[in-house]
Amino acid sequence: MTLPSLTPLTSEPVHAPSGPPLLEASGITVRFGGVTAVKNISLAVRPGEILGLIGPNGAGKTTLFNALTGFVRASEGRVTFDGRDITHAQPQVRAKMGMARTFQVERPFEDLSVLENVLVAAFLKHRGRAAENHAYDVLERVGLADRAAQPASQLNLARRRRLELAKALALEPRVLFLDESIAGLNPPGQQEMVALIRTLAQSGLGIVMVEHIMHVIMSLSDHVICMAFGELLAEGDPHDVAAHPDVIRAYLGDDHD
Amino acid sequence: MDSAQLTAFTQTLAQGLLTGGLYALIGTGLSLIFGVMKVINFAHGDFLAIGMFITLALFRAFHLDPYLSLLVAAPVGFALGYAIQRFVLARLGDRLSEASMLATLGLGLIISNTLLLTFGAQPQNINVPYAIQTVQLGGVQLSIPLIVAGLGTLASIGGLNYLLYRTELGRAIRATAQNPLGAELQGVKTTNIQAIVFGLGVAFAAIAGVLLMPLLYAFPTVGENYTTKAFIVTVLGGLGNLPGAVVGGLVLGGIESLGAFYISNNYRDAYGLVAFLLVLLLKPEGLFGKTVKRV
Amino acid sequence: MTASVTPARPRALTFGNVWISLALIAVMAVYPLLFGKSMNFGVSTLIFAGLAMSWNLLGGWAGQTSLGHAALLGIGAYTMTILATPERVPAFLGGPLAPWWGALIGMALAALLALVWGSLTFRLRGSYFTLSTIAVALVIRLVAINSDWTGGSEGLFMPELPRFLGLDLFDRQAEYWLAFAFVILTLIITHAVRRSRLGYALQAVREDEDGARALGIDPTRMKVIAFVISAVLTALGGSLYAIYLQAFEPHTLLELPISVQIALMAIIGGRGSIQGPAIGAILLAVFGEVFRTVFANANLLIYGVLILAVTLYAPDGITGLFTRGGRKLGTAR
Chain A
144 MTLPSLTPLT
154 SEPVHAPSGP
164 PLLEASGITV
174 RFGGVTAVKN
184 ISLAVRPGEI
194 LGLIGPNGAG
204 KTTLFNALTG
214 FVRASEGRVT
224 FDGRDITHAQ
234 PQVRAKMGMA
244 RTFQVERPFE
254 DLSVLENVLV
264 AAFLKHRGRA
274 AENHAYDVLE
284 RVGLADRAAQ
294 PASQLNLARR
304 RRLELAKALA
314 LEPRVLFLDE
324 SIAGLNPPGQ
334 QEMVALIRTL
344 AQSGLGIVMV
354 EHIMHVIMSL
364 SDHVICMAFG
374 ELLAEGDPHD
384 VAAHPDVIRA
394 YLGDDHD
Chain B
1220 MDSAQLTAFT
1230 QTLAQGLLTG
1240 GLYALIGTGL
1250 SLIFGVMKVI
1260 NFAHGDFLAI
1270 GMFITLALFR
1280 AFHLDPYLSL
1290 LVAAPVGFAL
1300 GYAIQRFVLA
1310 RLGDRLSEAS
1320 MLATLGLGLI
1330 ISNTLLLTFG
1340 AQPQNINVPY
1350 AIQTVQLGGV
1360 QLSIPLIVAG
1370 LGTLASIGGL
1380 NYLLYRTELG
1390 RAIRATAQNP
1400 LGAELQGVKT
1410 TNIQAIVFGL
1420 GVAFAAIAGV
1430 LLMPLLYAFP
1440 TVGENYTTKA
1450 FIVTVLGGLG
1460 NLPGAVVGGL
1470 VLGGIESLGA
1480 FYISNNYRDA
1490 YGLVAFLLVL
1500 LLKPEGLFGK
1510 TVKRV
Chain C
379 MTASVTPARP
389 RALTFGNVWI
399 SLALIAVMAV
409 YPLLFGKSMN
419 FGVSTLIFAG
429 LAMSWNLLGG
439 WAGQTSLGHA
449 ALLGIGAYTM
459 TILATPERVP
469 AFLGGPLAPW
479 WGALIGMALA
489 ALLALVWGSL
499 TFRLRGSYFT
509 LSTIAVALVI
519 RLVAINSDWT
529 GGSEGLFMPE
539 LPRFLGLDLF
549 DRQAEYWLAF
559 AFVILTLIIT
569 HAVRRSRLGY
579 ALQAVREDED
589 GARALGIDPT
599 RMKVIAFVIS
609 AVLTALGGSL
619 YAIYLQAFEP
629 HTLLELPISV
639 QIALMAIIGG
649 RGSIQGPAIG
659 AILLAVFGEV
669 FRTVFANANL
679 LIYGVLILAV
689 TLYAPDGITG
699 LFTRGGRKLG
709 TAR
C-alpha cells in the first residue's frame, strides 16, 4: 500500500546538517482550557537541517509552531536555542536571537510597500541606508526586487508568500520556521520555492517546515515528525515515516490533499 | 464605632448608593450600547445634559413638574439616539470601533455647544418645593429627589430587564449582540435593532438627566463629567455587562460618598477615577470577570 | 537569476515630503510681516500646531488615541512656572530657576510620566488606553486644583523672567519666534521618525502587532518610546504656552476639552500625513477666528462638526483628501 499523494523522490537531500542542535525542544505540551493541542513533543534542529512537520488537519502542527516561536505559551516542556533556555521568551526576543517565522495566512503590512515590509525586518540588524540595501538584497534573493515599490496589498498569492519569506530572511535568522509556504502555489511556483528552501539550508540555516504536500516534505526534509491529534505518531527518516502504518492510516483516514 | 458615627456612616452610604443608582442608570445605557455594537459612546453625558435642559425648558415655559418631563425627555432621547445610529454611526461600516469614538466625541461637542448657544453658559436650576425636603428612613435622612431618582432607576432597569429577557424584541437584541451576522440570517433586521439599542441607551441617559435636574444645576458642559462617570461605571462592571453596570454604579456612588466624607470632599471625583484605573490595569474585564452573563 | 545589471532601486527610506514642510515654514515666517498686529493669534496658533504635531507621534504613528495630553501640557506649564517663581520654588534649589531649566525639568517629568503610564497601559488593547488617558489627566487636574504648591484653583501667575538669548520673553514677537522654533522642532522630529527604524516599527505595530513581533519588534516598547517623545514635546509646548498666557488656572489648562482640542486638530488635519496635524491646527484656528463673533465661546462646535465630517467622509483627514493614492503614513483603522 502506498500513499496516494506520494510521488517518487526526484532527488535526495544534498545539504549536510552539521554540528550540535541549534534549537531543541523537549516535552512540549500545549493546553487550551481542557483541550490538549500538543502533547509531549520533542525535536531538535541542527544548522543546515530541514525538519519536516506533517500530520492531518488539526494535528497541532501550527500550535507547536506557535509554541516554538513564542506566540503560544507552552504548558509544559522546555525550549532552548543555542544552549539558552527560551521557554518563556517573547516572540520578539526569539526573533532577535535568530529565529524567524512565516505565517500560514501571510500577513504583509498592507499600508507599506513591498520594500518597506522587508525594511521593517531589515532594521533588526542594520541601520539606515544599510538596512535598505539589505532589504533590496533579500528581495533580489526571493525574486521580488522588481516589485519593491509596489504596495504589498497588491501582490498575488505567490508573491505574498515570497514577501513573507523575504521578511523572515531579512532578520538574518539561524533557524527558519516555514508554515505552509508551498501549499496553494501552482507547480512552477512550488518548484521555485523548493529550490529556494534547499539553497537556504545549504547556506547553513536550520529549517522547520510545516507542509501539507507530502512529496515536497519528503524530498526536502532530513528528518520528519508526523503528528496526529497533538501527539507524535512517527518520526525519523522521511522514507521510514512515509512507510509507517500509523502514518498511512492517519492520512487515509483524513481528507488528504 | 459609637451610634453617632454609625448613623453618619449609614447616612453617607445611603446617599452614596442612591447617587450610585443614577450612575448605574447612566452606565447601563452606555454598557448596553457597547454590548450590542462595541461602540463607546463619548456623547453619553451630553445626552444626559439634553434630558436636563428639556426639563429646564419645560419648567420655564409651562411650569411643568420636572418628573413629568420624563414623558417628553425619554421619547425625545430615544428618537435622537435612533436617528444618530441609523443615519450617522451606521455609515461608518467596518471602521466602527475606532471611528465611532471620534464620531460620538464630535456629536458630544455639537450637543454641548448648541446647548451653550441656546441656553448660555450660566448654571441654571429649577425651584420645586420638594427639592429641599427630606424624609426620615430608619434614622437616615434622605432628600426626596434622591429617593425619586433611586425609584426611577429601579423602574428603568427593571423595565430594561423585562424588555431584554421577556420580549421578542429583547431576544432580537440579544441575538444581535452575540452574533450580528447570525441574527441577520435568522431574519432579525440588525440595523433597526442597533438603532433601537442606541435609542434605548440615549433614552436612559436622558431619563437620568431628568432625575438629576431637581438636584443639580444644569450647564451646557455638565455632560462631560457624566460621560466620565459612565466610563467608570462600565469599566468597573465590565464593558457590555449590564448587571455589572448596576453594581458598578452602586460601587462608584458608595466610594465617592464615603471617600468624600472620610478622606476629603475635594477629591470626590478622584476616588472613582483611581478605582477605574486600578480595574483597568489589574482586571480589565471588570470586577466580575467574564463569567457573568452579558447583554 | 542573472543580475548582471543592478536595476535602479527606488528609495523607500526618505524623510517624506519635505517640500510641504518648507512651504509651511515659509508661511509661518512671513506671517509676522503681514499680520504684525495679530501676534496673539499667531503665537497661540503655532503653539497648538506644535502640540498637534507632538500628539500625532503617539496618536498617528503609534495609533494610540490620547485624550489626556492636557496633563502633559500642564506638567510643562506648571513645572516651569513653579520653578521660576521665588515664593514657590522648592527651598533645596536655592532660588528660582531660569525658564529654560524649568522647561527641561518639565520635559523630564513628562517623559517619566509617559514611561510609567505607557508601560502600564499599552499592555491593554483597543480603547482602554484612551479611557486611561482621560482618567489620568482628570486625576492630575484634581491634584492641581486641590494643592497649595500648584496655586490651587486660582492657578499661577508668571513671575519676572530673565531674558532668553537676549529675547524678552513677554514680547509677543519673541514668543512668536519661539513658537515658530517649536513647530520646526516637531516637524524635524516627525521627519526623522518617518525615516527611522522607530517609524517603520510603529507602522508595523499599528497594522499587525503579532506580525511585528515576529520581526523582532516589541510593540509595547515602541509605543512607549513614541509616547515619551510625544510627552516631552508636549511639555515643552506647555512651558511656551504658560509664557504666552502669563497666568493660567487648572480650569482652563487641564480640562478635558484642551486634550480633545489637541487630538481633534491632529485628526481633522490628517494623522496620516506628516504635516497634517499642523495644518489642521492652523485651519481650525483660522475657522475659530472667522466665526468668533458668531459662536463666541461655543467655538468647539466647529471641531464637533468637522470631526464628524472627517470620520464620515475623509478618514485620512483634510490633508488625506489631497494625498489619496500617494504615499501616506497610513491611518489606524
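Protein chains in written order, with the working numbering: chain A, 144 to 400; chain B, 1220 to 1514; chain C, 379 to 711.
Positions of the beta carbon are idealized from the N, C-alpha and C atoms, including for glycine.
> When the distance is taken between beta carbons, is arginine 573 of chain C closer than 9 Å to phenylalanine 393 of chain C?
Replying inline: yes
> How many angstroms separate the CA atom of arginine 1279 of chain B from the CA atom of serine 1288 of chain B?
Replying inline: 12 Å
> Does the beta-carbon of glycine 397 of chain C have 16 or more other beta-carbons within 10 angstroms, so that it is buried, or is it exposed?
Replying inline: Checking the sequence, you will find tryptophan at residue 397 of chain C rather than glycine. Counting Cβ neighbours within 10 Å, tryptophan 397 of chain C comes out exposed, since fewer than 16 surround it.
> Is DSSP giving valine 1258 of chain B helix, strand or coil here?
Replying inline: coil
> Any C-beta of chain C sitting closer than 9 Å to the C-beta of glycine 1457 of chain B?
Replying inline: no
>> Let me confirm a value: alanine 1414 of chain B is counted as buried when at least 16 other C-beta atoms fall within 10 Å, else exposed. Which label applies?
In response: buried
> What does asparagine 1485 of chain B reach in chain D if we use C-beta pairs closer than 8 Å?
Replying inline: No chain D is part of this structure, whose protein chains are labelled A, B and C.
> Which first and last residues belong to the beta strand (DSSP E) in which methionine 242 of chain A is found?
Replying inline: 242 to 244
> Touch check for the segment 1427 to 1442 of chain B and the segment 1312 to 1324 of chain B: three-plus C-beta pairs under 8 Å?
Replying inline: no
>> Judging by CA-CA distance, which residue of C/Leu461, C/Val668, C/Trp555 and C/Asn677 is the nearest neighbour of methionine 536 of chain C?
In response: C/Leu461
> Near phenylalanine 246 of chain A, which residues of its chain fall below 7 Å by C-beta distance, leaving aside the five closest residues on each side in sequence?
Replying inline: Glu307 and Asp322
> Which stretch, first to last residue, makes up the alpha helix (DSSP H) that contains glutamate 585 of chain C?
Replying inline: 575 to 585
> For serine 1362 of chain B, which beta-bridge partners are listed by DSSP?
Replying inline: B/Thr1353
> Residues bridged to glutamine 1343 of chain B by DSSP?
Replying inline: B/Ala1437
>> Is there a Cβ of chain C sitting closer than 9 Å to that of glutamate 1475 of chain B, yes or no?
In response: no
> According to DSSP, is asparagine 395 of chain C helix, strand or coil?
Replying inline: coil
> Ordered along the chain, which non-local residues of its own chain (more than five positions away) have a Cβ less than 8 Å from that of methionine 144 of chain A?
Replying inline: In this predicted model, methionine 144 of chain A has a pLDDT of only 38, less than 50, meaning its place in the structure is not dependable; the value taken from the coordinates is given anyway. The residues are Ile391.
> For the segment 388 to 402 of chain C, which residues have a beta carbon sitting closer than 9 Å to at least one beta carbon of chain A?
Replying inline: Pro388, Arg389, Ala390 and Leu391
>> Can you check whether the C-beta of threonine 212 of chain A is within less than 9 Å of a C-beta belonging to chain C?
In response: yes
> Just the Cα atoms here: how many angstroms apart are valine 405 of chain C and glutamine 653 of chain C?
Replying inline: 13 Å
> So what does leucine 375 of chain A bridge to, in DSSP terms?
Replying inline: A/Met370
>> Counting only beta-carbon separations shorter than 9 Å, does alanine 311 of chain A have a partner in chain C?
In response: yes
> In terms of alpha-carbon separation, which member of A/Ala180, A/Asp254, A/Pro199 and A/Gly162 lies closest to alanine 377 of chain A?
Replying inline: A/Pro199
>> Taking only three categories from DSSP, how would you classify glutamate 219 of chain A?
In response: strand
> Quick one: does alanine 449 of chain C have its CB under 9 Å from some CB of chain B?
Replying inline: no
>> So if I threshold CB-CB distances at 8 Å, which residues from the segment 403 to 432 of chain C count as touching chain B?
In response: none
> Do we get a CB-CB distance below 9 Å when we pair valine 1519 of chain B with the residues of chain C?
Replying inline: Lying before the first or after the last residue shown, residue 1519 of chain B is absent from chain B, which here runs from 1220 to 1514.
> Applying a beta-carbon distance threshold of less than 8 Å, which residues of chain C neighbour arginine 1310 of chain B?
Replying inline: Leu690
>> In the DSSP assignment, the alpha helix (DSSP H) including aspartate 383 of chain A goes from what residue to what residue?
In response: 381 to 386
>> Helix, strand or coil, according to DSSP, for lysine 268 of chain A in the structure here?
In response: coil
> glycine 414 of chain C to valine 1452 of chain B, Cα distance in whole Å?
Replying inline: 51 Å
>> Taking the straight line between their C-alpha atoms, what separation do you get for glycine 1456 of chain B and glycine 1406 of chain B?
In response: 32 Å
> List, in order along the chain, the chain B residues whose C-beta lies closer than 8 Å to that of isoleucine 652 of chain C?
Replying inline: Near isoleucine 652 of chain C there are no residues of chain B at all, since even the closest Cβ is about 21 Å away, more than 8 Å.
> With a Cβ-Cβ cutoff of 9 Å, do glycine 1248 of chain B and phenylalanine 1423 of chain B count as a contact?
Replying inline: yes
> What is the C-beta distance between leucine 298 of chain A and alanine 243 of chain A, in whole angstroms, given that I count them as a contact (C-beta under 8 Å)?
Replying inline: Actually they are not in contact, since the Cβ atoms of leucine 298 of chain A and alanine 243 of chain A sit about 20 Å apart, beyond 8 Å.
> Where are the alpha helix (DSSP H) runs, 4 residues long or more, that stay fully inside the segment 272 to 326 of chain A, in chain order?
Replying inline: 300 to 313
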